[in-house]
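Engineer: Okay, handing you the structure first.
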């Protein structure tokens, strides 16, 4: 028996490579996970070094794992509305919306960004679950007149305070006019892309959706070259920055067993709209009865949790289990351990002292407001502009 | 730019740990992948050393990633039949069946093993796709009277020629009477399990489905202790052995774009049965028109492909593209590179000379019969008993 503290990832044809995979290896990605049956790089230098490059400059991420489900056809608009409790009646072509997809119990199937390409054509830019199968099953049995497939689309993210300059150098000055959660279909030296002002960093940022998988390496290098004067570096979704911004991660912070009200996302559920969507009856019951647990932030004592948590950690309040901590990591700029937790209403109140049961034993923690870090309120970042978590748009 | 040849796997709460995860780390798993949103160990000593331990002895595998979808209720039997083209009318409680799940085009959604627990209660022991969402979507929109959920069930596999002795030491002599693709509900010192004579090794073997996730470590160590006199070692699904036996891997050798007839699995499609199942009309059209490509084996020249392929490799016949090689690896006992490929009918004929376009350049290959290794026909293994690929039962 010899415990291996740093196991390797095995590569096989069972898990797909994104069009940027070769580039991520060439640029020295040191660790990977998988997401939607595809490899996702996690960091290049170190998670902390990559974080500083993100928050002080600009980084380029291979998030080809954000697979798209394209839904088109005569029933597409009604079907998309059936999939999500969020009211989409005012959504315009060219606009993105953060949406929750719920099942018949109100549990969360996925939390994608919706892109409305046309009145009868949509992309769902997915978190990690097979929404393709969910949507196909619903459409088949429900006899909806829609086409559903996974198109050849693979996103990159260009994130960080210097991202507007890099994007303007690549695409032109219209980048500065692109509104938060809007997109434009365009091209870069003949490479077809969609450019949106979205991202998963809580920093200013953009996504570039590649629409021709054969040109991934070329697109990656063009962005790196244009970003060089601004010090661009390869990067990846930063657990530190997303927890600072209280952005949620599907699989960690929510799954089929969690409903929107527990996450404080009731504004994404249009109960009073007259719209028909999956889970409406269950969500109405939950809203009426009230939830028994609630998402909250924790400031956790003890040594820096550089590696974060590798599974959910039980929390205790007044000596009894009160829920679970779903995500945690040490913030180098805030200099404390941040935790996201789903706790009983009583335990989730601001200021409560709780205990988090990590593998090394119990850690004292305090319930604190979210987000942990807000550039507008922080003395540390005079120059950073107001950013919002994806959940806000 | 510094390419990293052996990247690490990152662990986070987004991907789940099986109940045996701690044991796999303690026993020294050196590499992991993920499967059904869960970590799966890949090898302990080395892929080749683990292979020899499997084929000459017995190994214990954490395949908790084979998540179960449980379907129960008044419509369960009819709904299960609706999900698969295989005729289940003769299937008895206590029996397992290898089934394909197809979509409305005949494309393969998953290739699970079905366990019939009762006339109105079934498990689908899954390959890597979210059949939970597929089945829930179909049942919801189709108004089927079924309950669908993922139960607390996590399989281990005990595989190899010495597996009957280990299993009999644990469970008693009835193990020797357990027929291929049958199972029994039982317990081990109070730990609730299902024991089946199934597995993904092409060797004699069993699965032990743990029904209480809190007791994973305990179950793992009990099997290791009982297996010690027989030289049991920790192991994992062996790419070498499964390709020798021509067992298929969902994601590598098939996906939504592949139909059963292309895989030579027409016997799992009950077109003439009068049964109603998803994809029947499309499959009837495909059967009538005939397929344009076919699954076949390749013997590939060149240096040993110890690492296998990391993505599909294009194949050429007479100078033109003729399909793709989906899986490949070097067999230490056969001393050649085995490949599985989906090729045009013309190129797939036995004896054809084709070219495989690997990353290092083209490799000459010849189409050969499957499986590559059959103990009954091999001079190398007088003692090994007849084994069958999972697809046979």
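Protein chains in written order, with my numbering: chain A, 835 to 1227; chain G, 835 to 1227. All C-beta atoms in this analysis are idealised placements derived from N, C-alpha and C, irrespective of residue type, glycine included.
Are the beta-carbon atoms belonging to residue 1068/A and residue 885/A less than 9 Å from one another?
Structural biologist: Taking the first chain and counting its residues from 1, one reaches residue 1068/A at position 234. Taking the first chain and counting its residues from 1, one reaches residue 885/A at position 51. No, they are not a contact pair.
Engineer: In chain G, which residues lie with their C-beta within 9 Å of the C-beta of residue 1242/A?
Structural biologist: It is not possible to answer for residue 1242/A, since the shown part of chain A is limited to 835 through 1227.
Engineer: Tell me where the alpha helix (DSSP H) around residue 1015/G begins and ends.
Structural biologist: Position 181 of the second chain, counting from 1, holds the residue named residue 1015/G. Looking at the DSSP string, residue 1015/G is not in any alpha helix (DSSP H), and its letter there is neither H nor E.
Engineer: May I ask you to list, following chain order, the residues of the segment 863-887 of chain A that have a beta carbon less than 7 Å from some beta carbon of chain G?
Structural biologist: 863, 864, 865, 866, 867, 868, 871, 876
Engineer: Interface residues of chain G around residue 1056/A at Cβ under 8 Å?
Structural biologist: One-based indexing of the first chain puts residue 1056/A at position 222. Neighbourhood of residue 1056/A in chain G, by CB distance below 8 Å: empty, with the nearest CB roughly 16 Å away.
Engineer: Starting from residue 1159/A, follow its DSSP beta bridges and name the residues at the other end.
Structural biologist: Walking along the first chain from the start, residue 1159/A turns up at place 325. Bridge partners of residue 1159/A: 1147/A, 1175/A.
Engineer: Just list the alpha helix (DSSP H) runs in the segment 1025-1100 of chain G, keeping only unbroken ones of 4 residues or longer that don't cross its boundaries, in chain order.
Structural biologist: 1050-1061, 1073-1078
Engineer: Quick check on residue 1190/A - is its C-beta less than 9 Å from some C-beta in chain G?
Structural biologist: As a first step, residue 1190/A is located in the first chain; it is residue number 356 there, counting from the start. So, not an interface residue.
Engineer: Can you give me the C-alpha to C-alpha distance between residue 1184/A and residue 899/G, rounded to a whole angstrom?
Structural biologist: The residue given as residue 1184/A occupies position 350 in the first chain. The residue given as residue 899/G occupies position 65 in the second chain. Each residue's Cα considered, the two are about 38 Å apart.
Engineer: Measure the C-alpha to C-alpha separation of residue 911/A and residue 1121/A and round it to an integer number of angstroms.
Structural biologist: Along the first chain, one-based indexing puts residue 911/A at 77. Along the first chain, one-based indexing puts residue 1121/A at 287. Each residue's Cα considered, the two are about 26 Å apart.
Engineer: For residue 972/A, tell me which candidate among 937/G, 992/G, 997/G has the shortest Cα-Cα distance.
Structural biologist: As a working mapping, residue 972/A is identified with position 138 in the first chain. The residue with the shortest Cα to Cα distance from residue 972/A is 937/G.
Engineer: Quick check on the DSSP output: what are the complete alpha helix (DSSP H) runs of length 4 or more inside the segment 838-916 of chain A, in order along the chain?
Structural biologist: Taken in chain order, the unbroken stretches of alpha helix (DSSP H) that lie wholly in the segment 838-916 of chain A and span 4 residues or more are 855-860, 881-890.
Engineer: Using 9 Å as the threshold, is the C-beta distance between residue 862/A and residue 1064/A below it?
Structural biologist: Stepping through the first chain from its first residue, residue 862/A is reached at position 28. Stepping through the first chain from its first residue, residue 1064/A is reached at position 230. No. Outside cutoff.
Engineer: Buried or exposed: which applies to residue 835/A, given that a residue is buried once 16 or more other Cβ atoms fall within 10 Å of its Cβ?
Structural biologist: Stepping through the first chain from its first residue, residue 835/A is reached at position 1. Unreliable placement is indicated for residue 835/A, whose pLDDT of 45 sits below 50; the coordinate value is still reported in the next sentence. Exposed.
Engineer: Whether or not the segment 1068-1081 of chain A and the segment 998-1013 of chain A are in contact is what I'm after, with contact meaning three or more pairs of Cβ atoms, one per stretch, closer than 8 Å; do they touch?
Structural biologist: no
Engineer: How would you label residue 953/G, buried or exposed, when you count the other beta carbons within 10 angstroms and need 16 or more for buried?
Structural biologist: Start at 1 with the first residue of the second chain, and residue 953/G comes out as number 119. Within 10 angstroms of the beta-carbon of residue 953/G lie fewer than 16 other beta-carbons, which makes it exposed.
Engineer: Cutting at 7 Å between CB atoms, please list the residues of its own chain near residue 1218/A, excluding the five before and the five after it.
Structural biologist: For the purposes of this step, residue 1218/A is taken as residue 384 along the first chain, with counting starting at 1. Model confidence at residue 1218/A stands at a pLDDT of 34, short of 50, so the residue's coordinates are unreliable; what they give is reported in the following sentence. Contacts found: 995, 1209.
Engineer: Is there contact here, the segment 1010-1028 of chain A with the segment 911-923 of chain A, by at least three beta-carbon pairs under 8 Å?
Structural biologist: no
Engineer: So, residue 1031/A versus residue 1015/A, is the Cβ gap smaller than 9 Å?
Structural biologist: Reading the first chain from its first residue, position 197 is the one you call residue 1031/A. Reading the first chain from its first residue, position 181 is the one you call residue 1015/A. In contact: residue 1031/A and residue 1015/A (Cβ atoms closer than 9 Å).
Engineer: Assess contact between the segment 1173-1180 of chain A and the segment 1040-1057 of chain A, defined as three or more Cβ pairs (one per stretch) separated by less than 8 Å. Is contact present?
Structural biologist: Flag = no, the segment 1173-1180 of chain A and the segment 1040-1057 of chain A do not touch.
Engineer: On the DSSP letters alone, give me the boundaries of the beta strand (DSSP E) that residue 1192/G sits inside.
Structural biologist: Reading the second chain from its first residue, position 358 is the one you call residue 1192/G. Looking at the DSSP string, the run of the beta strand (DSSP E) that includes residue 1192/G is 1187-1192.
Engineer: Which stretch, first to last residue, makes up the alpha helix (DSSP H) that contains residue 1122/G?
Structural biologist: Here residue 1122/G is taken as the residue at index 288 of the second chain, counted from 1. Note, residue 1122/G: alpha helix (DSSP H), 1114-1123.
Engineer: Kindly say whether residue 902/G, judged by its beta-carbon, lies nearer than 9 Å to any beta-carbon of chain A.
Structural biologist: As a first step, residue 902/G is located in the second chain; it is residue number 68 there, counting from the start. It does not; no Cβ of chain A falls within 9 Å.
Engineer: Run down chain A in chain order and give the residues with a C-beta less than 9 Å from the C-beta of residue 1160/G.
Structural biologist: Numbered from 1 along the second chain, position 326 holds the residue referred to as residue 1160/G. Result: 847.
Engineer: Under the rule that 16 or more other beta-carbon atoms within 10 Å means buried, what is residue 1013/G, buried or exposed?
Structural biologist: Within the second chain, numbered from 1, the residue matching residue 1013/G stands at position 179. So residue 1013/G ends up on the exposed side.
Engineer: Taking 9 Å as the CB-CB limit, is residue 1040/A close to chain G?
Structural biologist: On the first chain, residue 1040/A is found 206 positions in, with the first residue counted as 1. Judged by the 9 Å Cβ criterion, residue 1040/A is not in contact with chain G.
Engineer: Using the C-alpha atoms, what's the distance from residue 1034/G back to residue 1081/G?
Structural biologist: Counted from its first residue, the second chain places residue 1081/G at position 247. Counted from its first residue, the second chain places residue 1034/G at position 200. One C-alpha to the other measures close to 8 Å.
Engineer: What are the uninterrupted segments assigned as beta strand (DSSP E) that are 3 or more residues long and contained completely in the segment 922-1007 of chain G, given in chain order?
Structural biologist: Fully enclosed beta strand (DSSP E) runs of 3 or longer: 930-932, 942-944, 947-952, 955-959, 981-983, 988-993.
Engineer: Could you pull the DSSP bridge partners for residue 1165/G from this structure?
Structural biologist: Position 331 of the second chain holds residue 1165/G. Answer by DSSP bridge pairing, in chain order: 1170/G.
Engineer: Report the rounded CA-to-CA distance for residue 1130/G versus residue 1118/G, giving the unit in angstroms.
Structural biologist: The sequence position of residue 1130/G within the second chain is 296, counting from 1. The sequence position of residue 1118/G within the second chain is 284, counting from 1. Going from the Cα of residue 1130/G to the Cα of residue 1118/G covers about 23 Å.
Engineer: Measuring CA to CA, which of 1000/G, 1084/G, 1139/G, 1047/G is closest to residue 932/G?
Structural biologist: By one-based count along the second chain, residue 932/G stands at place 98. Among 1000/G, 1084/G, 1139/G, 1047/G, the Cα nearest to that of residue 932/G belongs to 1084/G.
Engineer: Does residue 975/A pass the burial test, meaning 16 or more other C-beta atoms within 10 Å, or should it be called exposed?
Structural biologist: Numbered from 1 along the first chain, position 141 holds the residue referred to as residue 975/A. Buried, because 16 or more other Cβ atoms sit within 10 Å of the Cβ of residue 975/A.
Engineer: Identify whether residue 1109/A lies in helix, strand or coil by the three-state DSSP scheme.
Structural biologist: The residue given as residue 1109/A occupies position 275 in the first chain. Coil at residue 1109/A, not helix or strand.
Engineer: One question on the structure: do residue 1207/G and residue 997/G come within less than 9 Å of each other, judged by their Cβ atoms?
Structural biologist: What you label residue 1207/G is simply residue 373 of the second chain in a count that begins at 1. What you label residue 997/G is simply residue 163 of the second chain in a count that begins at 1. Cβ atoms of residue 1207/G and residue 997/G: not closer than 9 Å.
Engineer: Using a Cβ-Cβ cutoff of less than 7 Å, which residues in the same chain neighbour residue 843/A once the five nearest sequence positions on both sides are dropped?
Structural biologist: For the purposes of this step, residue 843/A is taken as residue 9 along the first chain, with counting starting at 1. Same-chain partners within the cutoff: 866.
Engineer: Is there a Cβ of chain A sitting closer than 9 Å to that of residue 1006/G, yes or no?
Structural biologist: In the second chain, residue 1006/G corresponds to position 172, counting from 1. Closer than 9 Å: no.
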